[in-house]
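*Asks:* Structure provided below as structure tokens; questions to follow.
There are 2 protein chains.
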Amino acid sequence: MTGRLFVIGLGPGNPEQLTPEARAAIEGASDFFGYKPYLDRLTLQSHQERHASDNREELARAGAALEMAAAGKTVAVVSGGDPGVFAMAAAVCEAVEKGPSEWRAIELTVVPGITAMLAVAARVGAPLGHDFCALSLSDNLKPWELIEKRLELAARAGFVIALYNPISHARPWQLGRAFEQLGKHLPEGTPVVFGRAAGRPDERIRLTTLGEADPANADMATCVIVGSRETRVVERDGRDPLVYTPRSAGEARQ
Amino acid sequence: MTGRLFVIGLGPGNPEQLTPEARAAIEGASDFFGYKPYLDRLTLQSHQERHASDNREELARAGAALEMAAAGKTVAVVSGGDPGVFAMAAAVCEAVEKGPSEWRAIELTVVPGITAMLAVAARVGAPLGHDFCALSLSDNLKPWELIEKRLELAARAGFVIALYNPISHARPWQLGRAFEQLGKHLPEGTPVVFGRAAGRPDERIRLTTLGEADPANADMATCVIVGSRETRVVERDGRDPLVYTPRSAGEARQ
Numbered sequence: 009m010t011g012r013l014f015v016i017g018l019g020p021g022n023p024e025q026l027t028p029e030a031r032a033a034i035e036g037a038s039d040f041f042g043y044k045p046y047l048d049r050l051t052l053q054s055h056q057e058r059h060a061s062d063n064r065e066e067l068a069r070a071g072a073a074l075e076m077a078a079a080g081k082t083v084a085v086v087s088g089g090d091p092g093v094f095a096m097a098a099a100v101c102e103a104v105e106k107g108p109s110e111w112r113a114i115e116l117t118v119v120p121g122i123t124a125m126l127a128v129a130a131r132v133g134a135p136l137g138h139d140f141c142a143l144s145l146s147d148n149l150k151p152w153e154l155i156e157k158r159l160e161l162a163a164r165a166g167f168v169i170a171l172y173n174p175i176s177h178a179r180p181w182q183l184g185r186a187f188e189q190l191g192k193h194l195p196e197g198t199p200v201v202f203g204r205a206a207g208r209p210d211e212r213i214r215l216t217t218l219g220e221a222d223p224a225n226a227d228m229a230t231c232v233i234v235g236s237r238e239t240r241v242v243e244r245d246g247r248d249p250l251v252y253t254p255r256s257a258g259e260a261r262q
Numbered sequence: 009m010t011g012r013l014f015v016i017g018l019g020p021g022n023p024e025q026l027t028p029e030a031r032a033a034i035e036g037a038s039d040f041f042g043y044k045p046y047l048d049r050l051t052l053q054s055h056q057e058r059h060a061s062d063n064r065e066e067l068a069r070a071g072a073a074l075e076m077a078a079a080g081k082t083v084a085v086v087s088g089g090d091p092g093v094f095a096m097a098a099a100v101c102e103a104v105e106k107g108p109s110e111w112r113a114i115e116l117t118v119v120p121g122i123t124a125m126l127a128v129a130a131r132v133g134a135p136l137g138h139d140f141c142a143l144s145l146s147d148n149l150k151p152w153e154l155i156e157k158r159l160e161l162a163a164r165a166g167f168v169i170a171l172y173n174p175i176s177h178a179r180p181w182q183l184g185r186a187f188e189q190l191g192k193h194l195p196e197g198t199p200v201v202f203g204r205a206a207g208r209p210d211e212r213i214r215l216t217t218l219g220e221a222d223p224a225n226a227d228m229a230t231c232v233i234v235g236s237r238e239t240r241v242v243e244r245d246g247r248d249p250l251v252y253t254p255r256s257a258g259e260a261r262q
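Following this line, the structure appears as structure tokens:
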């Protein structure tokens with residue numbers, strides 16, 4: 009007997025940005041796995057059970073959820089944002105690959121969500137309006153040299169760059185180093201957006217430049233968007249400026 | 009007197025993936041601008057009016073919407089997916105920058121949506137589970153040489169690559185050329201996902217490899233995801249394979 013496993017994206021945290029598909033999957037599940045702050049967002053019924061875990065134990069959490077689904081339950085693994093972007097969907101797939109063969113028989117459904125960079129971008133205009141990349145600054149999972157190489161190639165390619173996991177207690181210097189690295193390839197005036205908790209009551213959006221960007225403005229709940237050479241700032245009297253990257257680039261710019 | 013302008017992401021097309029925030033913005037607007045297939049998705053009330061336009065007239069459409077908002081109406085500009093990703097939000101910002109100063113006084117709200125690559129990724133597992141980029145293959149808006157350079161740098165950086173606007177009647181050869189270019193830097197066996205109309209009744213998801221990828225499998229409604237060297241395929245008896253990119257890379261791979 010095999011149950012089901014849903015890997016669900018809760019979006020950035022504003023309940024109005026949670027899709028009906030995600031809401032229905034939450035209502036139908038009996039057991040919930042996830043990092044505690046994400047589980048805390050859920051309003052569960054009395055028959056629904058939470059299994060909180062540390063944020064660094066993703067593979068073990070995925071395995072525990074798969075084991076329970078294999079035993080016949082309808083299980084939900086929840087992530088903030090989109091579960092496929094630096095979140096639980098990859099950990100669940102990895103656990104399926106490495107785990108017992110019966111885990112491959114489980115009906116697995118990934119429910120997408122609004123990922124942080126989209127929510128942050130929407131709050132300032134359209135900084136991701138042209139080619140862009142998303143890069144995690146966590147060097148728990150890859151060597152720092154690889155991160156620096158990717159930053160360099162992304163800047164040289166002209167991608168707007170969304171930085172996930174920019175900073176934590178265990179990784180205090182990486183964001184500053186990333187700004188330094190990007191400063192070798194991009195002008196000082198390149199727009200930088202610090203987007204913290206977009207759409208939530210404790211939202212804080214700051215617009216600055218690469219030359220002035222202070223890593224202290226970021227925390228674990230922040231997504232940082234670094235513009236390309238094409239990214240523009242439009243000042244507006246009495247309103248926050250708009251930040252956008254034009255749809256056209258290079259010779260095609262009018 | 010100034011009205012409001014909402015730039016709204018309708019998501020990939022499955023109504024269950026439309027956020028409550030987007031639904032509320034649609035209900036509150038009186039006039040709707042957008043590419044006709046996106047307007048056709050809306051169920052409007054009798055007092056709500058559609059202003060359809062060609063998909064290539066983005067700047068003119070944005071200007072018409074801003075003009076109506078400046079006259080006091082509550083106007084919606086709709087995009088499929090997320091409006092900030094190769095869609096209308098950048099065109100609206102550009103129109104604000106280039107337009108009359110009263111357009112800067114309009115209250116502008118961008119409502120994010122599930123963008124195509126997230127919906128496609130969710131249907132196959134977690135191919136975007138690690139660093140990735142999103143690149144439009146439309147050379148209406150940038151020179152082809154720039155696209156080739158970006159493809160090369162993205163492949164060398166080890167990004168998973170999501171290709172938007174992969175093909176159209178006016179751009180028949182670009183996707184094949186992109187696969188050739190990527191083939192110089194990535195192994196033939198690199199997983200490639202063609203994701204058409206993800207979540208809609210006419211959805212078609214195909215998994216293949218870079219060596220075998222046939223551009224004829226893509227159309228205007230397709231998002232193509234090309235894996236990195238790390239992207240893996242997990243076969244499952246009686247189920248579609250899972251495609252995922254591990255959370256760790258390089259020396260940190262266990």
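Residue numbers (the working numbering), protein chains in the order written: chain A, 9 to 262; chain B, 9 to 262.
Even glycine gets a Cβ: it sits at the ideal position worked out from N, Cα and C.
The model shown is predicted, which means the values in this text are computed figures rather than measured ones.
How about A/Gly258: is its C-beta nearer than 9 Å to some C-beta of chain B?
*Replies:* For A/Gly258, the answer is yes, since a Cβ of chain B falls inside 9 Å of its Cβ.
*Asks:* Which residues does DSSP pair with A/Asp39 in a beta bridge?
*Replies:* Looking at the DSSP assignment, A/Asp39 forms a beta bridge with A/Glu57 and A/Val83.
*Asks:* So B/Ile155 is in the beta strand (DSSP E); what residue range does that whole segment cover?
*Replies:* Note, B/Ile155: premise wrong, no beta strand (DSSP E); alpha helix (DSSP H) at Trp152 to Ala165.
*Asks:* For B/Pro199, is the classification buried or exposed, using 16 other Cβ atoms within 10 angstroms of its Cβ as the cut-off for buried?
*Replies:* So B/Pro199 counts as buried.
*Asks:* Spell out whether any CB of chain B is found under 9 Å from the CB atom of A/Asp139.
*Replies:* A/Asp139 counts as touching chain B.
*Asks:* If we cut at 9 Å on Cβ distances, does A/Tyr252 have a partner in chain B?
*Replies:* So, interface residue.
*Asks:* By a C-beta neighbour count over all protein chains shown, 10 Å radius and 16 as the cutoff for buried, is A/Asn22 buried or exposed?
*Replies:* Buried is the call here.
*Asks:* Any contact of the region 74 to 85 of chain B with the region 97 to 108 of chain B, i.e. 3+ C-beta pairs under 8 Å?
*Replies:* The region 74 to 85 of chain B vs the region 97 to 108 of chain B: in contact.
*Asks:* Less than 9 Å between the C-beta atoms of A/Val168 and A/Val234, yes or no?
*Replies:* Cβ atoms of A/Val168 and A/Val234: closer than 9 Å.
*Asks:* Just checking, does the region 132 to 139 of chain B make contact with the region 25 to 38 of chain A on the three C-beta pairs under 8 Å criterion?
*Replies:* Short answer: they don't touch.
*Asks:* Following the continuous beta strand (DSSP E) through A/Phe202, name the residue where it begins and the one where it ends.
*Replies:* A/Phe202 -> beta strand (DSSP E) spans Pro199 to Arg204.
*Asks:* Among B/Ala229, B/Leu50, B/Arg247 and B/Gln53, which residue has its Cα nearest to the Cα of B/Ser144?
*Replies:* Among B/Ala229, B/Leu50, B/Arg247 and B/Gln53, the Cα nearest to that of B/Ser144 is on B/Ala229.
*Asks:* Roughly how many angstroms lie between the CA atoms of B/Phe40 and B/Lys81, to the nearest whole one?
*Replies:* Taking the straight line joining both Cα atoms gives about 11 Å.
*Asks:* List, in chain order, every chain A residue whose beta-carbon is nearer than 8 Å to that of B/Pro120.
*Replies:* Chain A residues near B/Pro120: Gln25, Ile122, Leu126, Ala127, Ala129 and Ala130.
*Asks:* Within the continuous alpha helix (DSSP H) that includes A/Val132, where are the two ends?
*Replies:* Residues Ala124 to Val132.
*Asks:* Is A/Pro135 close to chain B? Criterion is C-beta to C-beta, closer than 9 Å.
*Replies:* So, interface residue.
*Asks:* Roughly how many whole angstroms lie between the Cα atoms of B/Val101 and B/Arg69?
*Replies:* Rather than Val, the amino acid found at residue 101 of chain B in this sequence is Cys. Approximately 12 Å, taken between the alpha carbons.
*Asks:* Taking the C-alpha atoms as reference points, what is the distance between B/Gln262 and A/Ser87?
*Replies:* Below a pLDDT of 50, predicted positions are generally treated as unreliable, and B/Gln262, at 39, falls in that range; the measurement from the model is reported next regardless. Whole-angstrom Cα-Cα distance: 23 Å.
*Asks:* Taking the alpha-carbon of A/Gly166 as reference, which of A/Glu188, A/Phe140, A/Gln182 and A/Leu154 has the nearest alpha-carbon?
*Replies:* Per the Cα distances, A/Phe140.
*Asks:* In this structure, does DSSP put B/Gln262 in helix, strand or coil?
*Replies:* Any reading at B/Gln262 must be qualified, since the residue scores a pLDDT of 39, below 50, and its modelled position is unreliable; the value itself is stated next. Coil, per DSSP.
*Asks:* What is the rounded straight-line gap between the Cα of B/Phe94 and the Cα of A/Ser256?
*Replies:* Going from the Cα of B/Phe94 to the Cα of A/Ser256 covers about 10 Å.
*Asks:* Counting contacts by CB-CB distance shorter than 9 Å, is B/Lys157 in contact with chain A?
*Replies:* Chain A contact via Cβ: present.
*Asks:* Would you decide whether B/Trp181 is buried or exposed? Buried here means 16 or more other CB atoms lie within 10 Å of its CB.
*Replies:* That one is exposed.
*Asks:* Evaluate B/Leu26 with the Cβ neighbour count: other Cβ atoms within 10 Å of its Cβ, from every protein chain shown; 16 or more gives buried, anything less gives exposed.
*Replies:* By the neighbour-count rule (16 or more Cβ atoms within 10 Å), B/Leu26 is buried.
*Asks:* Report the three-state DSSP secondary structure of B/Ile16 (helix, strand or coil).
*Replies:* Looking at B/Ile16 - three-state DSSP - the assignment turns out to be strand.
*Asks:* Cα separation between B/Phe14 and B/Val85?
*Replies:* Looking at the two C-alpha atoms, the distance is approximately 6 Å.
*Asks:* For B/Gly21, does the three-state DSSP call read helix, strand or coil?
*Replies:* In this structure, B/Gly21 counts as coil in the three-state DSSP scheme.
*Asks:* If the cut-off is 8 Å on Cβ atoms, which residues from the region 200 to 225 of chain A count as contacting chain B, listed in chain order?
*Replies:* Those residues of the region 200 to 225 of chain A that come within reach of chain B (Cβ to Cβ, closer than 8 Å) do not exist; the list is empty.
*Asks:* So for A/Gly89, helix, strand or coil by DSSP?
*Replies:* Three-state DSSP puts A/Gly89 in a strand.
*Asks:* I want to verify the contact list: residues of chain A whose CB lies under 7 Å from the CB of B/Ser144, in sequence order.
*Replies:* Going along chain A in sequence order, the residues near B/Ser144 (Cβ under 7 Å) are Asp139.
*Asks:* Identify whether B/Phe140 lies in helix, strand or coil by the three-state DSSP scheme.
*Replies:* B/Phe140 falls in the strand class under three-state DSSP.
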